[in-house]
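So the sequence shown is numbered by the numbering used here: it starts at 30 and just counts up by one. Beta carbons are placed, not taken as given, at the ideal position from N, Cα and C, and that holds for glycine. Predicted model only: the values in this text are computed from it and were never measured.
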Amino acid sequence: MIMEKFGGKEGLMEALFTNPKTGIEGSKEDIKDRRRIYGQNSFAPPHIKTIGELIMENFEDRIN
């Protein structure tokens, strides 16, 4: 959907002011502004169950 809205990957890169070969070229203020607008380019770390949670899951299962 987004690709069609902006006219393919070239249109999307133009809207984001980026280059496919060199990436984002800008000052520190420009990159800081991009993070504010678009958000951090990372995922939240996954929830890792503790040993206590793993043990308690066994008691919740009626078959065990």
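Straight-line Cα distance separating residue j from residue i
i     : j     : result
GLU54 : PHE72 : 23 Å
LYS78 : ILE84 : 10 Å
ASP90 : HIS76 : 21 Å
Terminal residues of the alpha helix (DSSP H) in which residue i lies
i     : result
ARG64 : 57 to 67
LEU45 : Note, LEU45: premise wrong, no alpha helix (DSSP H); not H, not E.
ILE10 : Limits of the chain in this structure are 30 at one end and 93 at the other, which puts residue 10 out of reach.
GLU33 : 31 to 35
Residue from the options whose Cα sits closest to the Cα of residue i
i     : options                    : result
LYS50 : LYS57, LYS38, ARG65        : LYS38
ALA44 : GLY81, ASN87, HIS76, TYR67 : TYR67
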